[in-house]
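Undergrad:
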Amino acid sequence: MSDSERLHDRELSWLAFNGRVLQEAQDPGRPVFERLHFLSIVSSNLDEFFRVRVAALRGVVRLRKKKRAELGFQKARRRLRRILDAVVAQQEEFGRTLRSDVLPALERAGIRLWDERTLPPGARAHAEEWFDAEVRAHLHPQPLERDGHPFFLVDRALYLVVVLKERGAAALAEPIWRLVEIPAGALPRFLPLHDADGPGAIFLDDVVRLGLPRLFPEHDVDAAWSVKLTRDADLAVEDEFAGDLVEKIREALAQRGRGVPARFLYDASA
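Numbering (my numbering), first residue to last: 251 to 520.
#1: What separation, rounded to the nearest whole angstrom, lies between the Cα atoms of L265 and R285?
#2: Grab the span of the alpha helix (DSSP H) containing R328 for me, first residue to last.
#3: Does the distance from the C-beta atom of S445 to that of A373 stay below 7 Å?
#4: Give the C-beta separation of E416 and H469 to the nearest angstrom, bearing in mind that I take them to be a contact with Cβ-Cβ under 8 Å.
#5: Tell me the rounded alpha-carbon separation between E431 and L403.
#6: Tell me whether A446 sits in a helix, a strand or coil according to DSSP, three-state version.
#7: Leaving out five residues on either side along the sequence, give the residues of the same chain with a beta carbon under 8 Å from the beta carbon of L437.
#8: Which residue wins for smallest C-alpha separation from R367, given the options V477, T480, R270 and G461?
#9: Only counting the same chain, and skipping five residues up and downstream in sequence, which positions put a Cβ closer than 6 Å to that of V477?
#10: DSSP three-state label for R386, please.
#11: List the endpoints of the continuous alpha helix (DSSP H) containing V282.
#12: Tell me the rounded alpha-carbon separation between M251 and R327.
#13: Report the three-state DSSP secondary structure of V271 (helix, strand or coil).
#14: Have a look at A474 and F466 and give me their C-alpha separation to the nearest angstrom.
#15: Excluding sequence positions up to five away, which residues of its chain have a Cβ less than 6 Å from the Cβ of Q392?
#16: Could you please give the first and the last residue of the uninterrupted beta strand (DSSP E) stretch that includes V311?
#17: Output the distance between the C-alpha atoms of D456 and P371, rounded to the nearest integer angstrom.
#18: In whole angstroms, give me the CA-to-CA distance for L414 and D277.
#19: Give the straight-line distance between the Cα atoms of G345 and G398, rounded to the nearest whole angstrom.
#20: For L495, count neighbouring C-beta atoms within 10 Å of its own C-beta (all shown protein chains included) and say buried if the count is 16 or more, exposed if not.
Next up, the structure:
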């Protein structure tokens with residue numbers, strides 16, 4: 251038996267474990283809130299997987315071919331491609347599970363998940379009041395670029411990329427682009443609501459979308475797309491045998507949120 255038959259790729263093995271967690275979310279015998287909890291675990295696991303393991307492998311891929319050979323990583327590019335293909339398949343299965351299975355199960359349990367387009371009138375007024383009272387003060391729109399440099403996206407923060415037009419401008423007028431960070435650290439991710447037919451909820455992201463015309467009163471809002479960037483957070487401590495190891499680790503931890511991009515998620519409609 252060859253080494254390739256006896257040994258499993260570490261990253262693919264980890265993805266198989268995450269797939270097993272996803273199977274727990276697909277179990278119709280579990281309470282629906284448990285299934286949602288398992289989906290959240292799958293998502294946060296993938297974030298950390300890209301921040302550390304995929305980021306480290308990409309660092310190897312960026313090395314010169316001779317250096318990769320010296321380190322025993324001749325097939326790093328092929329490994330990375332297999333890992334990314336497996337992630338895409340897992341994310342597609344995640345989306346199908348959420349849309350076709352878990353969300354309908356929530357609705358059957360009497361809990362509906364609305365967005366800014368499907369929000370019924372009875373619940374819309376409450377959502378707009380909450381936007382004005384709690385959300386608006388946390389929103390600070392930024393241009394996509396400043397002095398020719400792109401805006402720095404915070405690791406794992408949620409943003410809306412908003413496309414604006416001057417009110418009354420011609421259809422072919424140059425659009426105005428703004429970036430709005432979703433204040434997920436300061437406010438709940440969901441707003442519980444009710445209408446005449448019972449309880450429901452709306453994402454904080456969609457409450458922000460609902461309030462964009464109030465945030466930009468002098469513009470027409472053409473579109474708003476969700477984006478999220480995950481950055482390289484692999485903890486690399488150079489020459490841990492020289493100097494103060496605790497200080498080196500402290501410095502490395504301080505840089506975790508400023509690493510190179512590892513994964514960029516965006517709306518499928520974008």
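We put the beta carbon where it would ideally sit given N, CA and C, even for glycine.
Because the structure is a prediction, the values reported are computed rather than measured.
TA: Let's see:
#1: Here residue 265 corresponds to residue number 15 of the sequence shown, with the count starting at 1. Here residue 285 corresponds to residue number 35 of the sequence shown, with the count starting at 1. Approximately 19 Å, taken between the alpha carbons.
#2: The count along the sequence shown starts at 1 and reaches residue 328 at position 78. Start and end: A326 to T347.
#3: Here residue 445 refers to the residue found at position 195 when the sequence shown is read from its first residue. Here residue 373 refers to the residue found at position 123 when the sequence shown is read from its first residue. Per the sequence shown, the amino acid found at residue 445 is Asp instead of Ser. A contact, by the Cβ cut-off of 7 Å.
#4: Start at 1 with the first residue of the sequence shown, and residue 416 comes out as number 166. Start at 1 with the first residue of the sequence shown, and residue 469 comes out as number 219. Indeed they touch by this definition, with Cβ atoms about 6 Å apart.
#5: Mapped onto the sequence shown, residue 431 falls at position 181. Mapped onto the sequence shown, residue 403 falls at position 153. Going from the Cα of E431 to the Cα of L403 covers about 9 Å.
#6: The residue you call residue 446 lines up with position 196 of the sequence shown. It is coil, neither helix nor strand.
#7: As a working note, residue 437 is residue 187 in the sequence shown. Excluding sequence neighbours, L437 sits near E384, V385, H388 and L454.
#8: Within the sequence shown, residue 367 is the residue found at index 117, counting from 1. When only C-alpha atoms are compared, the closest one is G461.
#9: Walking along the sequence shown from the start, residue 477 turns up at place 227. Excluding positions up to five away in sequence, the list reads Y409, V411 and Y516.
#10: Taking the sequence shown and counting its residues from 1, the one referred to as residue 386 is at position 136. Helix.
#11: As a first step, residue 282 is located in the sequence shown; it is residue number 32 there, counting from the start. Element bounds for V282: V282 to F299.
#12: By 1-based counting over the sequence shown, the position of residue 251 is 1. By 1-based counting over the sequence shown, the position of residue 327 is 77. Here M251 scores only 45 on pLDDT, less than 50, and its place in the model should not be relied on; the value that follows carries that caveat. Their backbone Cα atoms lie some 25 Å apart in a straight line.
#13: Here residue 271 refers to the residue found at position 21 when the sequence shown is read from its first residue. Here V271 sits in helix by DSSP.
#14: Along the sequence shown, read from residue 1 onward, the residue named residue 474 stands at position 224. Along the sequence shown, read from residue 1 onward, the residue named residue 466 stands at position 216. Taking the straight line joining both Cα atoms gives about 12 Å.
#15: In the sequence shown, the residue the question calls residue 392 occupies position 142. Within the same chain, Q392 has close Cβ partners F401 and L429.
#16: Along the sequence shown, read from residue 1 onward, the residue named residue 311 stands at position 61. It is not in any beta strand (DSSP E) - V311 instead sits in the alpha helix (DSSP H) that spans A305 to V311.
#17: Counting from 1 along the sequence shown, the entry for residue 456 is found at position 206. Counting from 1 along the sequence shown, the entry for residue 371 is found at position 121. Distance between the alpha carbons of D456 and P371: 15 Å.
#18: Against the sequence shown, residue 414 aligns to sequence position 164. Against the sequence shown, residue 277 aligns to sequence position 27. Distance between the alpha carbons of L414 and D277: 43 Å.
#19: Looking up residue 345 in the sequence shown gives position 95. Looking up residue 398 in the sequence shown gives position 148. One C-alpha to the other measures close to 36 Å.
#20: As a working mapping, residue 495 is identified with position 245 in the sequence shown. The pLDDT assigned to L495 is 47, lower than 50, so where the model puts this residue is not dependable; a value taken from the coordinates is nonetheless given after this. Counting Cβ neighbours within 10 Å, L495 comes out exposed, since fewer than 16 surround it.
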